[in-house]
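Shown next, in structure tokens, is the structure this report addresses.
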Ligand code: MN
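Numbering (our numbering), first residue to last: 34 to 292.
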């Protein structure tokens, strides 16, 4: 039996300790290939680079860096004509330095790298770890989930393509709990400052605090209770309830010119 190919990426960059820990943890499951951004790309979400060429650089056997975003890295790995010997069975992204709970998934490059795989039909997993957490613990959790995905998902269904999001707390982990996305409520201030020449500059997403909505079935809640959270994410983003409620509704538009 041929070993499955596991494609590993992240948004913290190829040299981050999290991606090394993830690659090592997944090694028993198959042939691990790492294709990742050449530098930190956190919070770049799902952007791709269309306005300049990309460079792919080999760092070691099965270890490559792309001078682009997390989605670029996975896109390149999946579509490059000669890079990977076979199509991956799984894309695994992480281990991110910091959490991707609740609405973080919209900003996260870690989740986007996994989502790029899922959008291309490859089952995918994103793994994030609370600051100061144990990467070996997160690696063991990633391996357990990845192993389960490889073994069980073909029976559970690959359409739509599964995309799972895991967050591991720092400290003792009680176990893994299924949860839906919660709401993370950030202290969303804009810090206005002056540079030495008198020009104004801004800091957003600063060190302000974050609070979690207290809904018992959410990832934020189970995480706060000491569990690693597991959330399946949907690629279908249509608000179907709203489509129904808007049936027969059409805003009055100004008269339109042209053919
Ligand atoms: Mn990151």
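Glycine included, C-beta positions come from ideal geometry on N, C-alpha and C.
The C-alpha of residue 124 is placed about 10 Å away from the C-alpha of residue 67.
Those residues that have a beta carbon less than 5 Å away from any non-hydrogen atom of the ligand MN are, in order along the chain, 44, 45, 75 and 129. Contact between residue 130 and residue 49 holds, with the beta-carbon distance rounding to 7 Å and staying under 8 Å.
Remark: C-beta atoms of residue 150 and residue 107 approach each other more closely than 8 Å. Residue burial annotation: residue 52 is buried, with at least 16 other C-beta atoms found within 10 angstroms of its C-beta. Residue 54 is positioned such that its CB atom lies closer than 8 Å to that of residue 128. Minimum Cα-Cα distance from residue 87 among the listed residues 79, 99, 255 and 76 corresponds to 99. Per DSSP, residue 276 is one residue of the alpha helix (DSSP H) stretching across 273-278. By the neighbour-count definition (other C-beta atoms within 10 Å, threshold 16), residue 276 is an exposed residue.
For residue 215, same chain residues with a beta-carbon under 7 Å away, outside a window of 5 residues either side, are 134, 135, 245, 246, 248, 251, 252, 253 and 254 in chain order.
Shown here for residue 208: same chain residues with a beta carbon closer than 8 Å to its own, the five before and five after excluded, namely 260 and 261 in chain order. Contact check between the stretch 173-188 and the stretch 77-84: fewer than three CB pairs, one atom from each, fall below 8 Å, which does not count as touching. Straight through space, the alpha carbons of residue 242 and residue 74 are spaced by roughly 22 Å. Ranked by Cα distance from residue 146, the options 181, 180, 101 and 190 are led by 101. Boundaries of the alpha helix (DSSP H) around residue 51: 50-59. Here the alpha carbons of residue 283 and residue 112 stand approximately 41 Å from one another.
In the three-state reduction of the DSSP assignment, residue 183 falls in the helix class, which pools H, G and I. Per DSSP, the continuous beta strand (DSSP E) segment holding residue 265 begins and ends at 261-265. Here the alpha carbon of residue 201 sits roughly 21 Å from the alpha carbon of residue 61.
CA-CA distance, residue 40 to residue 184, rounds to 17 Å. According to the DSSP assignment, residue 109 belongs to the alpha helix (DSSP H) that extends over 103-112.
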